[in-house]
Amino acid sequence: MDSNNAPTDVAISLRVNGTLRKLDVPPNVVLLDALRERIGLTGTKKGCDHGQCGACTVLINGQAVNSCLALAVVHDGDDITTVEGLARDGELSPLQQAFLDHDAYQCGYCTPGQLTSATELLNNDSVGSSDADVAEAMSGNICRCGAYKNIRAAIQQARGNPGLNQS
Amino acid sequence: MSDSIIGAAVSRIDGPDKLTGRARYAGDFQPEGMVYAYGVYSTIARGRITGIDTTLAMRSPGVIDIFHHGRFPRLHRSPGTFAEENVVDEKRTPFEDDRIHYMGQFVALVVAETYEQARAAAYKVRVDYERDAQRAAATLAQGIEDNGVEHANDSERGDPAGAYDGAAYRVDAVYTTPVETHNPMETHATVAEWVDGRLRVFDSTQGVIFTRNTLSRVFDLDPSQVEVHADFIGSGFGGKLWVWPHCVATCAAAREVGRPVQFVLPRQQMFTTVGHRPETRQHVRLGADDDGRLLSIRHETINSSSPVGTVVEACGGSTQGLYACDNLRISHATAITNRGTPTAMRAPGAGVGLFALESAMDELAAELGIDPLELRRRNFTAHDQGADKPYSSNHLLECYDRAAEAFGWSRRTPEVGSMRDGDRILGWGMAACNWEAMRNPCDARVALRADGTASIHCASQDIGTGTYTILAQIASHELGLPLESIHVTLGDSTFPHGPISGGSWATATLLPAVAEASRAAIKKLKNYARNAASPLAGARGDSLVYDSGRLSDDSGRSATVAEILGAQSLANAVGEAHTGGAPDSGYSFDSFGVHFVEVAWEPEIAHLEVTRVVSAIDAGAIINAKSARNQVEGAVVMGLGSALLETTEYDERNARPVNSNYAEYLVPVNADMPDLDVILLDHPDYELNEFGARGIGEIGLTGMQAAVANAVYHATGRRVRDLPIMLDKLIDDD
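Which chain is which? The protein sequence lines are A and B, in order. Start counting the first sequence at 8; every next residue gets the next number (my numbering). Start counting the second sequence at 327; every next residue gets the next number (my numbering).
And the structure:
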């Protein structure tokens, strides 16, 4: 095979934040770049492109996934939620509001990933109620600014566990 | 409102943008017709390029052009001075010649229609090299051996050698710190477009003015022909202060291909071509009398530098004045290694310098049999002997008292391994923090608007520290308007001249300018209020009193800003200000603090954990209690990383950074967070500015590694003088 042949584009549709998006993508395009560069939803961030930092986390059918490790063509027909889809009717979600209240960020670059991971966590009964449980569950999302204490407190507030094992 | 807004725990005004994905970082801008650039990086660290074959790559789908030293416009070097505000650390421009100075140096740049196409083509560029006969210096040790040591600067007072020889108690130790990589979450990104000979750049920069000035020199343009934007920055920690090769290369490529170009640096190259904290070797000698009073301090540092620019890590900066001592010597030197140039990383100098000094102080306390905190109290000074000036405001002793109380330090038993929590051995350590407080000249523009709101414009940035919010707080205070009525716009080099976001000086620099501009806007409003069409027409100038968006005169008349401007069809009343740098008032300006750290050590399973940190910080007035605390908490987290995890490791055979990714260059994650208590003293330093703020971004990092190392010593009896404190340094060789 001639390596200089252009890969054939594949027609896919993604339901992104409730809106159906039809696009033709080469098979080597990852979901992260499809969202950012082809759909224009730049809220989801690229931190490492290697699935190591969590900045690109989105929800695929409700499950938190590193979108830099997900080929777009594999997710034809899937339901994608990005940070742009977390607020409802212009109102911050309780989790977003908790992040605002607790100053659970600094530069904000990891925040979309923190929020999407935490959104899944809120619906995940297998994560225990202690701060340590939350910290463990959120350790796939690096915050180089180090706002971990506030991220933890925000998630606990949104889970209805304020004050529990608070440091 | 106006009295309580300063210092309040106000939520960030830019928070909703960050929480909804609306906040736009450099790589989020997509001008019409934008194409993508991807780099090719050298795979040797020292030698020359003998050939570049782009035949296959040029045939790759979507490729527009490929640039390299044989195909690139001639550019100019930036003078690279702080005075001209055009600092660069890597002096050469990209693709200047065929020389290779470090692994990861740009050797080609591919531009293609899509990101995937640019990347695919970059992999097909074939580069042939010839290595120099002499090896590439991979480490500081190799650099010293191969290239020798170049003296940078020194200072001395008294007779440090003589006093040391006569001292009853001495410490003589060498401490080393590794290369640390900034690794902000946002890798460096540049989107560049040229319109009618003018350059417009969206850049991940901590300084839109510096970037504008540098690019104007590189491309031989007037600064007014260059526009640099940085609305949001995915932090920088010093790594984004100055222009790096990718930015210049992207701007040049955009001009050559005649379309906007986006470049996003891959994480792997964050370790090569955009700076790092250099490796240091610090020789500290302390001499003290029987009571622990310091008779002599010597702190001599060599740091790794590069063939493409010399950067001195001023480790002894804090050592000059933190403690009372009449006999002192500080020196700094560099040795060339084949790495990209180092640069400032959060708390440059003191950030690793205090690891050495504060570790040595702990060693001295052990020698003397004095409590480490008591040793520091005995050597406290309110007078900066380095500058021979009193400190404007030094509450270090109160930091000691309050943090020690909160930590429970009085319950510490001094013997190594003597404290337990069940089966775990506890170690308690402490170290002081210090950071110079600076302030620079600044311009700002504030407009009172006809809709009752106010706007602030300044060519500074918010890199995540909370600058947007504190400027709104200051304007709210001055103008008596609610916070939600203040609109702050930063990150645009066409705005009034503002500071870089670095050195912890943005706050002390910006606040006076915004306050002054706010007052100027009120003054302008009073002028307009006397005009014929105004509801307050004919009022005597000195009779007008402004309060919370309303002017009143002495005849009982009163009108709002909206009424005064609206009646005259005026959009706004604009105030502009220029404020100066730090006043020459005969004081030294510094921030201080202390960290107390508890570690738990389980030797049976070789498990070390930092369980508790209490920090007290004296950084002048706290403008925003919420974001200021966050700054210190984040600095403590970074300090923990520096103490325990972070090291960029180079293959000694070829000078390649081998752990150049987030999986192998370890930084703290959420589960690494100890129980953390930050105490902010909040004593205003009115000598530095009218609000008494000294800045708070860096102080919390300093001393952190020493506090951990000292706690580790207390738990294990092992004095780790080489960061990071990884397990191999705590377990026996056999």
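Each residue gets a CB set at the ideal place from its N, CA and C atoms; glycine is no exception.
Residues in its own chain within less than 7 Å of residue i by CB, not counting five upstream and five downstream?
{"i": "Q957/B", "result": "T791, I1022, G1023 and G1026"}
{"i": "T126/A", "result": "L66, L93 and L102"}
{"i": "N73/A", "result": "G58, G61, C63 and T64"}
{"i": "N898/B", "result": "A773, L774, R775, A776 and L891"}
{"i": "I662/B", "result": "A463, G469, N473, S631, S632 and P633"}
{"i": "Q594/B", "result": "S986 and N987"}
Label residue i either buried or exposed according to how many other C-beta atoms from any shown protein chain fall within 10 Å of its C-beta, with 16 as the threshold for buried.
{"i": "F432/B", "result": "buried"}
{"i": "P674/B", "result": "buried"}
{"i": "G882/B", "result": "exposed"}
{"i": "I931/B", "result": "exposed"}
{"i": "P909/B", "result": "exposed"}
{"i": "Y988/B", "result": "buried"}
{"i": "D1011/B", "result": "buried"}
{"i": "S330/B", "result": "exposed"}
{"i": "P34/A", "result": "exposed"}
{"i": "N664/B", "result": "buried"}
{"i": "T407/B", "result": "exposed"}
{"i": "I1057/B", "result": "exposed"}
{"i": "V436/B", "result": "buried"}
{"i": "T118/A", "result": "buried"}
Residue j and residue i - do their beta-carbons sit closer together than 7 Å?
{"i": "T531/B", "j": "T540/B", "result": "no"}
{"i": "H625/B", "j": "T645/B", "result": "yes"}
{"i": "S786/B", "j": "P822/B", "result": "no"}
{"i": "R771/B", "j": "A843/B", "result": "yes"}
{"i": "K156/A", "j": "L971/B", "result": "no"}
{"i": "P1000/B", "j": "T937/B", "result": "yes"}
{"i": "G341/B", "j": "L107/A", "result": "yes"}
{"i": "N720/B", "j": "A708/B", "result": "yes"}
{"i": "V923/B", "j": "A1037/B", "result": "yes"}
{"i": "L870/B", "j": "K849/B", "result": "no"}
Assuming residue i contacts residue j (C-beta within less than 8 Å), just tell me the rounded distance between them.
{"i": "R457/B", "j": "G365/B", "result": "Contact doesn't hold; Cβ gap of about 21 Å is too wide."}
{"i": "V638/B", "j": "A478/B", "result": "4 Å"}
{"i": "L690/B", "j": "Y649/B", "result": "The pair is not a contact, with the Cβ atoms about 11 Å apart (cut-off 8 Å)."}
{"i": "K1055/B", "j": "Y112/A", "result": "With a Cβ gap of about 34 Å, K1055/B and Y112/A do not count as contacting."}
{"i": "A676/B", "j": "S941/B", "result": "Contact flag wrong, Cβ pair sits at about 15 Å."}
{"i": "F918/B", "j": "L683/B", "result": "Contact flag wrong, Cβ pair sits at about 14 Å."}
{"i": "R28/A", "j": "L21/A", "result": "5 Å"}
{"i": "W761/B", "j": "T1028/B", "result": "6 Å"}
{"i": "V509/B", "j": "V993/B", "result": "The residue asked about is misnamed: residue 509/B is Asn in this sequence, not Val. The Cβ separation is near 6 Å, so the contact holds."}
{"i": "G666/B", "j": "G565/B", "result": "With 8 Å as the limit, G666/B and G565/B do not qualify as a contact, their Cβ atoms being about 11 Å apart."}
What's the C-alpha gap between residue i and residue j?
{"i": "E506/B", "j": "D96/A", "result": "44 Å"}
{"i": "L128/A", "j": "V995/B", "result": "17 Å"}
{"i": "S914/B", "j": "H609/B", "result": "26 Å"}
{"i": "A105/A", "j": "E990/B", "result": "32 Å"}
{"i": "R348/B", "j": "T51/A", "result": "10 Å"}
{"i": "G618/B", "j": "N653/B", "result": "15 Å"}
{"i": "D697/B", "j": "M756/B", "result": "10 Å"}
{"i": "L401/B", "j": "S802/B", "result": "46 Å"}
{"i": "G333/B", "j": "G635/B", "result": "41 Å"}
{"i": "G1078/B", "j": "V590/B", "result": "Outside the displayed span of chain B (327 to 1060) sits residue 1078/B, for which this structure offers no information."}
{"i": "S386/B", "j": "A434/B", "result": "15 Å"}
{"i": "D710/B", "j": "L807/B", "result": "41 Å"}
{"i": "G901/B", "j": "E411/B", "result": "25 Å"}
{"i": "S328/B", "j": "S781/B", "result": "Since pLDDT at S328/B reaches only 44, below the 50 mark, its modelled position is unreliable, and no value is offered."}
{"i": "R856/B", "j": "V587/B", "result": "52 Å"}
Residues in its own chain within less than 6 Å of residue i by CB, not counting five upstream and five downstream?
{"i": "D557/B", "result": "R350 and G817"}
{"i": "D454/B", "result": "T376 and G377"}
{"i": "A578/B", "result": "P399"}
{"i": "V527/B", "result": "A518 and V554"}
{"i": "D31/A", "result": "D16 and A18"}
{"i": "S657/B", "result": "D480 and E626"}
Within its chain, find whatever has a CB closer than 8 Å to the CB of residue i; leave out the 5 residues flanking it on each side and keep chain order.
{"i": "R979/B", "result": "A464"}
{"i": "L837/B", "result": "I796, L797, I800, I949, N1015, E1016, F1017 and A1019"}
{"i": "L171/A", "result": "Interpretation of L171/A is limited by its pLDDT of 46, a score under 50 that renders its predicted location unreliable; no figure is taken from the coordinates."}
{"i": "D9/A", "result": "Any answer about D9/A is weak, because its pLDDT of 45 lies below 50 and its placement is not dependable; what the coordinates show is given next. No residues qualify anywhere along the chain."}
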